[in-house]
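The next block holds one structure in the form of structure tokens; read it before the comments.
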Amino acid sequence: MEDGVSCTPDSPVRGSLIFTNRYYIRRAALGAGAGPAAGELLVHELSNAVALDMQWAERCLYWSDVTRLGSAIRRACGGASAPHQLLHGATLQNPDGLAVDWVAGNLYWCDKGTDTIEVSRTDGRHRRVVLRGQLSEPRALALLPARGWLYWSDWGAAPHIGRAGMDGSGRRVLLSAGLYWPNALTLSPASEELYFADARQDYIAVADLDGRNVRVLFSRERMPWLRLHHVFALAVWDGRVYWSDWETRSIESCRRRPRAAGAVAAGAAGAAAANSSGGAYDCRALVQTVHKPMDLRVYHPARQPPAPGHCHSRRFLLQCLRCL
């Protein structure tokens, strides 16, 4: 269903948002009536949960637990009481981002300690390096299996957003000019858009899938009342943009486009009204947390649609990374 601003999938499943918050993974409701809350507890007793993704068809959650004593990537399948399965631990240092290829059944992650992007099967088998070199602080990952593309952000010495084939081929930098801390990255396959956030310059922007036609959606400079201070992760769903913010220790959201009635009112009175009501963009807090919120994902089957041309041959069990 579309109204010119939002696009709600025709599904009986209600969308929700899953997020990491150091010691646990929680789920918060989306849609009308959703307000600041702690959210449903899914996984607990973690040390420092950072990166997060899901595999809807298998009901699996994947996350990284990053500590000085040793980091790990784990998963739990089947619900809150499911056991935690260790997928990777050896040689991991700082896996800050991960993404599931739900079509081919692969798991990707970036490690800012080893300056690599790696892949394995979702059960942890057949681990290998996809990208090495010209990475210094890789942070976020996003996949587009229907086109065989892998996107990443890097906030290191040469900040950039890049793209390569999911097998590591055709590597290129899409965005670099004006970037400082491109922490967050997400894709909207339906609208063929790439969303990203800069945690130093406090803005959220959108571009096409080739990194062109960049437009700033929200920024502290233009909207000083906005709770957008240090974005760590992004998600897009049903006409709204969601982000986790370290400084406010919250998950915030705004409409992708303003209400038809007009833009946010100007001046001191308008700013005060916008601050209390969210303004024309209907900005509001979804979750308020005690600890810094980390990664987040929309939890809904529409986020992981089936794709044609799935590789099934055992010969390509490891190498099936580009299913076009």
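The number in our numbering is simply the position in the sequence shown, starting from 1, with 778 added.
Glycine is no exception: its CB is placed at the ideal position from the N, C-alpha and C atoms.
These figures come from a predicted structure and were not determined experimentally.
Using a 10 angstroms sphere on the CB of R1075, the tally of other CB atoms reaches 16 or more, which defines it as buried. Around G946, the same chain offers V908, L909 as residues with beta carbons nearer than 7 Å, after the five sequence neighbours per side are excluded. Segment contact: the region 862 to 871 against the region 912 to 925, fewer than three CB-CB distances shorter than 8 Å; contact not assigned.
Under the 8 Å Cβ criterion, the region 996 to 1006 counts as touching the region 968 to 984, having at least three qualifying pairs. In chain order, T798, A829, L830, A1011 place their CB closer than 6 Å to the CB of D1073, counting only its own chain and leaving out the 5 sequence neighbours on each side. Contiguous beta strand (DSSP E) elements confined to the region 836 to 893 occur at 838 to 843, 850 to 855, 863 to 866, 873 to 879, 884 to 889, taking only those with 3 or more residues.
The DSSP-derived three-state label of W834 is helix. Per DSSP, C1061 is not a residue of any beta strand (DSSP E), being assigned neither H nor E.
Under the three-state reduction of DSSP, P1083 is assigned to coil, being neither helix nor strand. Counting only the Cα atoms, S954 lies some 27 Å from S842. For the pair T845 and G857, the Cα-to-Cα distance works out to about 25 Å. The region 956 to 972 and the region 934 to 948 touch, with three or more beta-carbon pairs separated by less than 8 Å. For R993, the three-state secondary structure derived from DSSP is strand.
Between P1036 and A1063, the CB-CB gap reaches or exceeds 8 Å. The beta-bridge partner set that DSSP reports for L972 consists of L965, A985. For V828, the secondary structure class from DSSP, reduced to helix, strand or coil, is strand. In this chain, the beta strand (DSSP E) harbouring T798 covers 794 to 798. Under the DSSP assignment, R804 falls in the beta strand (DSSP E) whose first and last residues are 803 to 807. As DSSP reads the structure, Y1020 sits in a beta bridge with A1013, S1031. Close CB contacts of R1005 within its chain, under the 8 Å cut and outside five residues either way in sequence, are with D1023, T1026, S1028, E1030, C1061, A1063 (chain order).
In the DSSP annotation of this structure, H822 is not part of any beta strand (DSSP E), being labelled neither H nor E.
Collapsing the DSSP output to three states places L1006 in coil. The DSSP-derived three-state label of L909 is strand.
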